[in-house]
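Chains as they are written, first to last, in UniProt numbering: chain F, 1 to 444; chain P, 1 to 450.
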């Protein structure tokens with residue numbers, strides 16, 4: 001993290017933002033990072049004052065694909081961003097900034113775990129203060145996610161990074177692992193903050209602001225473990241039913257999710273594999289250049305040419321390293337997040353199906369038993385409302401999610417292409433023997 | 001064929017050591033190049049008639065390779081590859097080339113030719129043959145001798161070998177080489193009749209000389225070190241290059257998977273579909289581009305391999321020098337000891353131990369007549385020895401002079417060739433980068449349209 005006052009900006013890969021691509025040299029993403037989606041929804045409503053150059057980043061341009069629509073001014077602190085935002089009275093502009101950093105190891109007699117520092121800066125009235133700093137561990141994030149899922153069963157909750165990676169990482173506290181996780185947790189919280197509904201969730205607020213003991217006591221207030229388990233068992237039974245009576249549009253959605261899940265998993269594997277191959281290529285290249293230098297020591301006439309080739313190979317090496325790091329920062333986390341999203345989506349479909357199934361089973365009861373019809377009719381009424389709410393919530397969130405996905409994927413792959421172009425451009429220059437090469441090239 | 005049939009007696013004698021005519025009389029590369037004016041000025045010596053063959057422009061090519069089956073020496077069926085060698089004489093006037101000879105040879109015959117040249121031209125850095133078995137192979141390449149790619153590369157290597165020999169000022173004049181290109185049947189017998197195998201120095205003798213020689217020419221010692229280093233560094237380079245090629249292949253090919261998955265994914269996408277599909281196509285293009293790139297690189301590897309094998313040829317020349325030098329030293333030593341013996345007998349003093357001396361002491365003095373006889377024998381031997389030493393010295397100096405001339409020629413050739421090869425390699429890399437930029441720019445455009 002580049003300093004604690006850094007706004008929680010998505011890196012080039014992350015959330016939709018016009019020019020957040022790898023082209024910005026400083027790597028600073030513009031302010032609109034997370035508001036892209038809300039900007040989309042509000043595009044017609046936003047009426048930017050022409051004088052407010054600072055806010056150009058909230059582009060009127062509904063097309064988030066246009067990367068050149070503005071020159072973002074980089075705010076240096078959330079506070080300054082908040083100050084900018086205060087010029088507008090629009091309630092839907094970004095007013096919640098979250099960063100996740102400073103992983104720290106804690107050792108107790110029973111266990112060792114990592115906590116992450118979470119800084120929240122906000123201008124929202126419902127928050128007691130404008131700045132909060134808390135420490136949370138992975139378990140806490142897990143709790144938050146479960147609460148959100150319970151409260152909004154058919155909303156697409158952002159995914160959490162996995163508990164542990166099965167292969168590769170033996171040690172939980174490997175530096176790379178922690179850094180990857182930290183970034184993912186950062187994104188998790190920011191995605192929630194950007195979600196038009198989830199951002200106002202009470203548990204979310206508590207998570208961001210409560211001190212450790214406050215959080216523990218708040219946690220205990222939720223439904224107990226046993227009741228949650230009971231729900232799960234019922235849920236499984238019901239979801240089987242719900243599948244049969246799924247309306248057409250949700251069938252389509254489910255179909256999409258299944259195929260998407262397949263494909264994104266494959267892409268994840270392919271991308272990881274590419275990284276691995278590039279790493280191995282890099283390792284071999286490191287040995288390749290120096291051999292030419294060694295050779296040049298026993299030659300006279302050839303020495304210069306050999307040294308020239310060696311320096312080109314070194315350049316290629318460095319460029320490969322950069323390409324690899326670009327891949328691991330821009331592409332891999334995004335693809336992986338969508339792998340997790342696809343699992344999440346399947347869960348959402350199930351929950352929707354369960355809610356529907358509840359309704360259906362009551363309706364069946366009504367038509368078959370004809371007992372206590374009044375009560376049943378009342379219950380059915382309520383359930384019908386519930387189903388309608390759930391379906392609508394899902395539909396809306398689905399559209400939002402798809403749009404985000406499109407932007408993120410497009411952005412990530414465009415960055416990857418850019419990295420590759422840059423890589424080849426770097427290696428094309430052959431230094432001291434370039435002129436001889438040019439001569440030869442012209443002859444061809 | 002336009003030339004008079006070669007003088008049959010000539011073929012049993014090795015070509016003389018002195019380069020004939022201008023050292024540059026052999027062309028750099030015989031294929032399609034203008035003859036130097038000097039070439040037509042061959043020595044007026046009538047014995048050189050057949051050598052005028054080379055003074056016309058000729059083109060040699062190994063144009064085809066064919067799988068054959070036959071019976072080997074143990075009457076077992078075997079499969080081998082035969083190569084078609086075509087020789088064309090290019091008429092000065094109208095530039096048309098006329099096919100003068102065409103015959104089939106297999107690899108073992110090339111080996112025979114080379115071994116012959118090694119024996120008869122020990123002062124020459126004899127061009128090497130392409131490898132017998134595929135080495136420095138990376139995973140995609142087959143190590144099978146029958147693999148068409150290997151055969152193709154070998155065909156080129158054999159052609160290169162012939163061109164090198166034909167453009168060497170001395171080797172090109174060799175009768176056996178000439179017959180190799182022109183006389184299909186009976187060539188093997190002809191070579192064997194030269195008895196070159198018998199003339200070859202024994203390995204053991206050579207090894208012995210290497211260890212025991214006291215005063216070899218320093219330049220040869222340095223050259224030996226150089227050739228060891230060259231061999232070691234090129235081997236290392238080729239090994240790592242093969243591994244790098246392997247990895248590069250992996251990187252490119254895995255991207256091809258994107259193509260397939262993008263295409264399948266595009267089926268469920270409305271807005272992103274087209275972009276995904278076309279980007280996927282570019283990924284396929286990218287993945288398949290590596291095949292040509294690596295094929296070109298293989299050619300580069302072959303160029304390096306030639307000089308890897310040339311290192312051995314260099315060492316062979318050094319060994320010959322050491323052998324000759326050792327021989328000379330031994331002869332000188334022998335002569336010195338005989339002289340001393342003679343002196344002792346003449347003056348009656350015994351400074352050196354000799355069995356004869358001991359036995360005479362033990363069993364009685366020899367008669368003055370016996371002593372006279374012995375002195376006479378020794379004096380004859382000394383005379384002979386002095387003659388021999390003189391001629392060995394002469395030979396040794398000749399050898400050093402001629403060998404060093406060829407080594408200088410070789411050095412220039414090596415520097416030129418390797419420089420070319422390295423630059424070509426760099427150019428290949430540049431071309432690969434340009435292709436990469438092209439593909440990824442296209443892909444980026446597709447992605448940005450999603």
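Even glycine gets a Cβ: it sits at the ideal position worked out from N, Cα and C.
Within 7 angstroms of chain P by C-beta, residues of the segment 248–274 of chain F in sequence order | 256, 259, 260, 263, 266, 267, 270, 273 and 274
Cα separation between residue 73/P and residue 178/P?
-> In the second chain, the residue the question calls residue 73/P occupies position 73. In the second chain, the residue the question calls residue 178/P occupies position 178. If you take the alpha carbons of residue 73/P and residue 178/P, they lie about 26 angstroms apart.
Pick from 225/P, 156/P and 410/P: whose alpha carbon is nearest that of residue 62/P?
-> Counting from 1 along the second chain, the entry for residue 62/P is found at position 62. It is 156/P whose Cα lies nearest to the Cα of residue 62/P.
Counted within 10 angstroms of its Cβ, other Cβ atoms place residue 364/F as buried (16 or more) or exposed = Position 364 of the first chain, counting from 1, holds the residue named residue 364/F. By the neighbour-count rule (16 or more Cβ atoms within 10 Å), residue 364/F is not buried but exposed.
Please determine if the segment 305–313 of chain F and the segment 284–297 of chain F are in contact, where contact requires at least 3 C-beta pairs separated by less than 8 angstroms.
-> yes
Since residue 102/P is in the beta strand (DSSP E), which residue starts that stretch and which ends it?
-> Against the second chain, residue 102/P aligns to sequence position 102. Run containing residue 102/P: 97–106, per the beta strand (DSSP E) assignment.
Where does the unbroken alpha helix (DSSP H) through residue 106/F begin, and where does it stop?
-> Along the first chain, read from residue 1 onward, the residue named residue 106/F stands at position 106. Following the DSSP letters along the chain, one finds residue 106/F in no alpha helix (DSSP H) but inside the beta strand (DSSP E) bounded by residues 96–107.
Mind pulling the chain P residues with CB within less than 8 angstroms of residue 298/F?
-> Translated into the one-based positions of the first chain, residue 298/F becomes position 298. Here the neighbours are 226, 229, 230 and 233.
N- and C-terminal bounds of the beta strand (DSSP E) containing residue 84/P | Here residue 84/P is taken as the residue at index 84 of the second chain, counted from 1. Where residue 84/P is concerned, the enclosing beta strand (DSSP E) stretches over 77–90.
Which bits of chain P does residue 417/F rub up against, with CB to CB less than 7 angstroms?
-> Looking up residue 417/F in the first chain gives position 417. Within 7 angstroms Cβ-Cβ: 440, 443, 444 and 447.
Comparing alpha-carbon positions, which option in 316/F, 280/F, 220/F and 198/F lies nearest residue 424/F?
-> Here the question's residue 424/F lines up with position 424 in the first chain. Here the closest residue by C-alpha is 316/F.
Taking the continuous beta strand (DSSP E) assigned at residue 121/F, which residues delimit it?
-> Stepping through the first chain from its first residue, residue 121/F is reached at position 121. Note, residue 121/F: beta strand (DSSP E), 112–122.
If you measure from the beta carbon of residue 406/F to each beta carbon in chain P, is any gap under 8 angstroms?
-> Position 406 of the first chain, counted from the start, is the residue given in the question as residue 406/F. Yes, because at least one Cβ of chain P sits closer than 8 angstroms to the Cβ of residue 406/F.
Residue 291/P, buried or exposed, once every other Cβ within 10 Å from all chains shown has been counted against 16 | Stepping through the second chain from its first residue, residue 291/P is reached at position 291. Per the 10 Å Cβ criterion, exposed.
List the residues that DSSP assigns as beta-bridge partners of residue 439/P.
-> Numbered from its first residue, the second chain carries residue 439/P at position 439. DSSP lists no partner for residue 439/P.
Element boundaries [beta strand (DSSP E), containing residue 132/F] = Translated into positions along the first chain, residue 132/F becomes position 132. From DSSP, the beta strand (DSSP E) with residue 132/F extends over 131–137.
N-terminal and C-terminal residue of the alpha helix (DSSP H) that residue 123/P is part of = For the purposes of this step, residue 123/P is taken as residue 123 along the second chain, with counting starting at 1. Note, residue 123/P: premise wrong, no alpha helix (DSSP H); not H, not E.
is_contact[residue 243/P, chain F] using C-beta, thresh 8 angstroms = Residue numbering aside, residue 243/P sits at position 243 when the second chain is read from its first letter. Closer than 8 angstroms: yes.
Compare the C-beta of residue 255/P with all C-beta atoms of chain F and state if any pair is closer than 8 angstroms.
-> By 1-based counting over the second chain, the position of residue 255/P is 255. Cβ-Cβ to chain F under 8 angstroms: yes for residue 255/P.
Measure from the alpha carbon of residue 324/P to the alpha carbon of each residue in 112/P, 110/P, 122/P and 260/P, then state which is nearest.
-> If you number the second chain from 1, residue 324/P lands on position 324. Among 112/P, 110/P, 122/P and 260/P, the Cα nearest to that of residue 324/P is on 122/P.
For residue 197/F, which residues from the same chain have a beta carbon less than 7 angstroms from its beta carbon, with the 5 sequence-adjacent residues on both sides left out?
-> In the first chain, counting from the first residue as 1, residue 197/F sits at position 197. Only 152 and 155 meet the Cβ criterion.
Going by other Cβ atoms of all chains shown within 10 Å of its Cβ, with 16 needed for buried, is residue 389/F buried or exposed?
-> In the first chain, residue 389/F corresponds to position 389, counting from 1. That one is exposed.
Would you kindly report the start and end of the unbroken alpha helix (DSSP H) that includes residue 220/P?
-> As a position in the second chain, residue 220/P is number 220, starting the count at 1. Start and end: 218–266.
Whole-number beta carbon distance between residue 126/F and residue 114/F, since they are thought to touch under 8 angstroms = Numbered from its first residue, the first chain carries residue 114/F at position 114. Numbered from its first residue, the first chain carries residue 126/F at position 126. 30 angstroms between Cβ atoms; not a contact.
Of all the CB atoms in chain F, is at least one closer than 8 angstroms to the CB of residue 80/P?
-> What you label residue 80/P is simply residue 80 of the second chain in a count that begins at 1. Cβ-Cβ to chain F under 8 angstroms: no for residue 80/P.
Name the one or two DSSP bridge partners that residue 58/P has.
-> Locating residue 58/P in the second chain gives position 58, counting from the first residue. The partner list for residue 58/P (beta bridge, DSSP) reads 89/P.
From the beta carbon of residue 53/P, is the nearest beta carbon of chain F less than 8 angstroms away?
-> Locating residue 53/P in the second chain gives position 53, where the first residue counts as 1. Residue confidence is low: residue 53/P scores 48 on pLDDT, short of 50, so the model does not pin down where it sits. No coordinate-derived value is stated.
In whole angstroms, what separates the C-alpha of residue 344/P from that of residue 213/P?
-> Position 344 of the second chain holds residue 344/P. Position 213 of the second chain holds residue 213/P. So the alpha carbons of these two residues sit roughly 28 angstroms apart.
Cα-Cα, which of 120/F, 139/F, 100/F and 254/F is closest to residue 112/F?
-> Sequence index remark: in the first chain, residue 112/F carries index 112 (1-based). Out of 120/F, 139/F, 100/F and 254/F, 139/F has the C-alpha closest to the C-alpha of residue 112/F.
Alpha-carbon to alpha-carbon, residue 159/F and residue 342/F = Here residue 342/F refers to the residue found at position 342 of the first chain. Here residue 159/F refers to the residue found at position 159 of the first chain. Computed Cα separation, rounded: 9 angstroms.
For residue 449/F, name the three-state secondary structure that DSSP assigns.
-> Past the boundaries of the shown model lies residue 449/F; chain F is included only from 1 to 444, so the question cannot be answered.
Taking all protein chains shown into account, decide if residue 213/F is buried (16 or more other Cβ within 10 angstroms of its Cβ) or exposed.
-> Residue mapping note: residue 213/F aligns to position 213 of the first chain, counting from 1. Result: exposed.
Could you pull the start and end residues of the alpha helix (DSSP H) that residue 385/F belongs to?
-> Your numbering for residue 385/F matches position 385 in the first chain. It spans 373–427 - the alpha helix (DSSP H) in which residue 385/F sits, taken as one unbroken run.
Taking residue 312/F as the query, report the chain P residues whose CB atoms sit under 8 angstroms from its CB, ordered along the chain.
-> What you label residue 312/F is simply residue 312 of the first chain in a count that begins at 1. Under the 8 angstroms cutoff, chain P gives 426 and 429.
Go through its chain and collect everything with a Cβ distance to residue 385/P's Cβ below 6 angstroms, but skip five positions before and after it.
-> Within the second chain, the letter at position 385 stands for residue 385/P. Counting only Cβ-Cβ distances below 6 angstroms, and skipping sequence neighbours, we find 335.
Relative to the alpha-carbon of residue 382/F, which residue among 394/F, 360/F, 221/F and 398/F has its alpha-carbon at the smallest distance?
-> Position 382 of the first chain holds residue 382/F. Restricting attention to 394/F, 360/F, 221/F and 398/F, the CA atom closest to the CA of residue 382/F is found in 360/F.
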